[in-house]
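Residue numbers (the numbering used here), protein chains in the order written: chain E, 1 to 114; chain R, 1001 to 1110.
Heads up, the beta-carbon is just placed ideally off N, CA and C, and yes, glycines get one too.
A quick write-up on the structure given underneath.
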Amino acid sequence: DAGVIQSPRHEVTEMGQEVTLRCKPISGHNSLFWYRQTMMRGLELLIYFNNNVPIDDSGMPEDRFSAKMPNASFSTLKIQPSEPRDSAVYFCASSTDSPNYGYTFGSGTRLTVV
Amino acid sequence: KQEVTQIPAALSVPEGENLVLNCSFTDSAIYNLQWFRQDPGKGLTSLLLIQSSQREQTSGRLNASLDKSSGRSTLYIAASQPGDSATYLCAVRDDYKLSFGAGTTVTVRA
């Protein structure tokens, strides 16, 4: 299994531009999570999908952030317009409903907004 | 809301010494607890997963214990090596949420 695949690995963009981060979860995992990691706040859950449906988006910072999961093998996190304070590492993770399962994380996307 | 605390925040030891990393959590109604390793600029690698019904889990030089009733877990790394230098994160799962501690940054001196 290739694990959770995220793209791009690095993204540098100018303030005001739209940014789209992509994630392919592990096949067979029906839960998908987007996390953001910063030095100040550590790892924060942004949004949780179950069976492609957004269940908890209470961690999404504001309306500039949106996430979609059009099918079981693909999800996007979009920021429009981007701001310098959005600079962080964004991780995607997947798991199953079973409480016996742990999470598997992707390698992350390092976003820099200048 | 689940709060996860890791002590110490940083640790520096000479090679060969055993490492003891602590994690505490406020709500004992957890599904499981996971220990992750994160190297600088990299993603999170799962080291050990302990189910709520388990007391400990072992993998090679790593051993993690769980005392759910007191809200504590400890990660032991035997005979540390410079390659063990990294940040170690504790995370507890309740329902679907995984709540993280801030991590312990370990430096093993050659």
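task = Return the residue from the list R/Leu-1033, R/Ser-1069, R/Ser-1059, R/Tyr-1076 that minimises the CA-CA distance to R/Gly-1016.
result = Cα-wise, what sits closest to R/Gly-1016 is R/Tyr-1076.
| request: Rank E/Gln-6, E/Ala-2, E/Thr-20 by C-alpha distance to the C-alpha of E/Pro-81 and give the top, closest one. | output: Across the set E/Gln-6, E/Ala-2, E/Thr-20, the C-alpha of E/Thr-20 shows the shortest separation from the C-alpha of E/Pro-81.
Residues in the region 1046-1077 of chain R having any Cβ partner in chain E nearer than 8 Å = Only Ser-1046, Leu-1049, Gln-1051, Ser-1052 from the region 1046-1077 of chain R bring a Cβ to less than 8 Å from some Cβ of chain E.
Sort out for me which residues DSSP pairs E/Gln-17 with in a bridge.
DSSP, once it has assigned bridges, lists no residue as partnering E/Gln-17.
Distance, Cα to Cα, E/Pro-61 vs R/Lys-1097? If I take the Cα positions, the gap works out to 17 Å.
- If you run the structure through DSSP and keep just helix, strand and coil, what is E/Pro-84? Here DSSP, grouped into helix, strand and coil, assigns E/Pro-84 to helix.
Among R/Gly-1041, R/Ser-1024, R/Gln-1051, R/Arg-1109, which one has its Cα closest to the Cα of R/Pro-1082?
Here the closest residue by C-alpha is R/Arg-1109.
Validate contact between the region 23-34 of chain E and the region 92-106 of chain E using beta carbons, cut 8 Å, 3 pairs: The region 23-34 of chain E, when compared against the region 92-106 of chain E, does touch it at the 8 Å Cβ threshold.
Suppose the cutoff is 7 Å on Cβ atoms and the five residues either side in sequence are ignored; what does the same chain contact list for E/Arg-64 look like?
Cβ neighbours of E/Arg-64 beyond the five flanking positions: Ile-79, Gln-80, Pro-81.
query: Among E/Glu-44, E/Val-12, E/Asn-100, E/Gly-28, which residue has its Cα nearest to the Cα of E/Ala-199?
result: The shown model of chain E, from 1 to 114, leaves out residue 199 of chain E, and the question about it has no answer.
| Beta-carbon gap between R/Ser-1059 and R/Leu-1048 smaller than 7 Å | Going by C-beta atoms, R/Ser-1059 is nearer than 7 Å to R/Leu-1048.
(Q) For R/Ile-1050, report the span of its beta strand (DSSP E) as first-last. (A) If you look at R/Ile-1050, you'll find it in the beta strand (DSSP E) that goes 1044-1051.
Mind pulling the beta strand (DSSP E) runs of 3 or more residues that sit fully within the region 1058-1102 of chain R? Listed in chain order, they are 1062-1067, 1072-1077, 1086-1094, 1097-1100.
- prompt: Quick one: what does DSSP say R/Tyr-1031 is sitting in, helix, strand or coil?
  reply: DSSP places R/Tyr-1031 in coil when its eight states are reduced to three.
task: Determine the chain R residues that contact E/Ser-107 at a beta-carbon separation under 8 Å, and present them in chain order.
output: Chain R residues near E/Ser-107: Lys-1042, Gly-1043.
Problem set entry | chain E residues whose Cβ lies nearer than 7 Å to that of R/Gln-1006 | Neighbourhood of R/Gln-1006 in chain E, by CB distance below 7 Å: empty, with the nearest CB roughly 10 Å away.
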